[in-house]
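Participant:
There are 2 protein chains.
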Amino acid sequence: MSSFLPTEQRLAITCQRHPAFPLEPAVLIRLIKHIYKRVHDDANAMLRPYGINHPEYNLLMMLYGTASYTLHPTELADAAGEKSANITRLTNELCDKGLIARHASDEDRRKVSLTLTAEGVAMIESFLPDVCALLERQVSGLHPRDMAQLERLLKKFSAQLERE
Amino acid sequence: MSSFLPTEQRLAITCQRHPAFPLEPAVLIRLIKHIYKRVHDDANAMLRPYGINHPEYNLLMMLYGTASYTLHPTELADAAGEKSANITRLTNELCDKGLIARHASDEDRRKVSLTLTAEGVAMIESFLPDVCALLERQVSGLHPRDMAQLERLLKKFSAQLERE
DNA sequence: CCTAATTAGTACATATATGTATTATTTACA
DNA sequence: TGTAAATAATACATATATGTACTAATTAGG
Chain V
1 MSSFLPTEQR LAITCQRHPA FPLEPAVLIR LIKHIYKRVH DDANAMLRPY
51 GINHPEYNLL MMLYGTASYT LHPTELADAA GEKSANITRL TNELCDKGLI
101 ARHASDEDRR KVSLTLTAEG VAMIESFLPD VCALLERQVS GLHPRDMAQL
151 ERLLKKFSAQ LERE
Chain S
1 MSSFLPTEQR LAITCQRHPA FPLEPAVLIR LIKHIYKRVH DDANAMLRPY
51 GINHPEYNLL MMLYGTASYT LHPTELADAA GEKSANITRL TNELCDKGLI
101 ARHASDEDRR KVSLTLTAEG VAMIESFLPD VCALLERQVS GLHPRDMAQL
151 ERLLKKFSAQ LERE
């Protein structure tokens, strides 16, 4: 399980070779990448037995987190951070599996409504215990105070990225 | 540019529906995903004019950050967080572009050495100013104290993930 | 030595993601 | 109204990523 140390050493060498290279920002960005890849892989491994992958999980959870269990494709893309072109394929798969249903919207006939089916809700509730356990495990090294601090800083970071 | 707020509202609803759902860990993980996607997309957009993409950039920078400008495929895969199967394809592309060179190792003939060429170094030094500017911009909302704090917390997080 | 187990690297099939173009509908406003 | 611009969704071609299986070389144990 690759540690972060060698990466940091490489950034130090980079900085020697190109002194303008901003070391600390680079370390932060690499840490984000490093953590993301790990989290992504862990989630995929945990979800495999349920026959879904990480992006599909994200879509299901976005619908589960919506009062009506319903979103339009564009809203769903935005919510899950997927490019809209991906949504068609992913929602096709989820439809084939019977986890969501497509309906034409009658308020605006360009739109389509995507709704969790009863089976979709049942599927979510079947894997949620595993998801909860994974989340708890992933953050288990952080004190509550650390978590609050980290959340605050990541939100600040995220807000800055959006400002551009 | 999708804000993080709706995501957080959805997590709150999820938590109402499934009270065991650990809200704060989930928020942290989603923030990581959110930031990663943004950083990844920004980097790709910035690198496009140079004819390389984010993964290729990572590989080049790993070699640039190594004293000898040389790594074996497995080391490179580990350093860049890529699956080893990806390395063949990515290094093929970089070879085709003349940015790196392949040599058989004579210490262990199973191994291959991947070395930055002079053109590779020149290419890196041509885009480094843009990379530096992007990095500075991305963290520009954070005070130095925030950055140090964030680095400390992300390292703690990363270390915990590796412990599993 | 010499055979079994291990390691490095890669090829190929498959899965996943993205960009661009197309169709259908709605909205704005001349 | 009626016509141009905008929006939603998708299809399709292309790009990117991953898993599995294979070859070649090395190492370990008898």
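Protein chains in written order, with the UniProt record's numbering: chain V, 1 to 164; chain S, 1 to 164. Just so it is clear, CB atoms sit at the ideal spot from N, CA and C, and this is done for glycine as well.
1. What is the C-beta distance between V:Tyr57 and V:Leu71, in whole angstroms, given that I count them as a contact (C-beta under 8 Å)?
2. Provide the residue(s) that pair with V:Ala67 in DSSP beta bridges, ordered along the chain.
3. Tell me whether the beta-carbon of V:Ser84 lies closer than 7 Å to the beta-carbon of V:Ala77.
4. Return the CA-CA distance between V:Asp96 and V:Gln16, expressed in angstroms with no decimal places.
5. Would a C-beta distance cut-off of 7 Å place S:His40 and V:Leu128 closer than the cut-off?
6. At 7 Å on the CB atoms, spell out the chain V contacts of S:Tyr57, in chain order.
7. For V:Gly120 and S:His143, what's the separation of their Cα atoms in angstroms?
8. By DSSP, does V:His103 sit in helix, in strand, or in coil?
9. In whole angstroms, give me the CA-to-CA distance for S:Gly81 and V:Ala148.
10. Is V:Thr14 buried or exposed, if buried means 16 or more other CB atoms sit within 10 Å of its CB?
11. V:Asn59: which of V:Ala101, V:Leu23 and V:Tyr36 sits nearest, CA to CA?
12. Please give me, in chain order, every unbroken run of the alpha helix (DSSP H) with length at least 4 that falls completely inside the UniProt domain "HTH marR-type" (25-159) of chain S.
13. Label S:Pro22 either buried or exposed according to how many other C-beta atoms from any shown protein chain fall within 10 Å of its C-beta, with 16 as the threshold for buried.
14. State yes or no: is the beta carbon of S:Glu24 nearer than 7 Å to at least one beta carbon in chain V?
15. Going by the beta-carbon positions, is the gap between S:Leu154 and V:Leu31 smaller than 7 Å?
16. Taking 7 Å as the CB-CB limit, is S:Thr117 close to chain V?
17. Shortest alpha-carbon distance to V:Ser140 belongs to which of S:Pro55, S:Ala122, S:Lys37 and S:Ala159?
18. For the alpha helix (DSSP H) holding V:Ala12, just list the boundary residues, first then last.
19. Taking Cβ-Cβ distances shorter than 8 Å, what residues in chain S pair up with V:Ala67?
20. According to the neighbour-count rule (16 or more other Cβ atoms, all chains shown, within 10 Å of its Cβ), is S:Ser3 buried or exposed?
21. Of the residues that make up the segment 60-87 of chain S, which ones have a beta carbon closer than 8 Å to any beta carbon in chain V?
22. Could you check how far apart the C-beta atoms of S:Thr7 and V:Ala79 are, in whole angstroms? I think they sit under 8 Å.
23. Would you call the CB atoms of S:Val27 and V:Glu24 closer than 7 Å?
Facilitator: With the structure as the only source:
1. Wrong, their Cβ atoms sit about 15 Å apart, outside the cutoff.
2. According to DSSP, V:Ala67 bridges with nothing at all.
3. yes
4. 54 Å
5. no
6. Simply none; closest approach about 11 Å.
7. 44 Å
8. strand
9. 28 Å
10. buried
11. Looking at the sequence provided, one finds Leu at residue 59 of chain V rather than Asn. Selected option, being the one with the closest Cα: V:Ala101.
12. 54-64, 73-80, 84-96 and 118-138
13. buried
14. yes
15. yes
16. no
17. S:Ala159
18. Leu5 to Arg17
19. Ile13
20. exposed
21. Met61, Met62, Tyr64, Gly65, Thr66, Ala67, Asp78, Ala79 and Gly81
22. 7 Å
23. no
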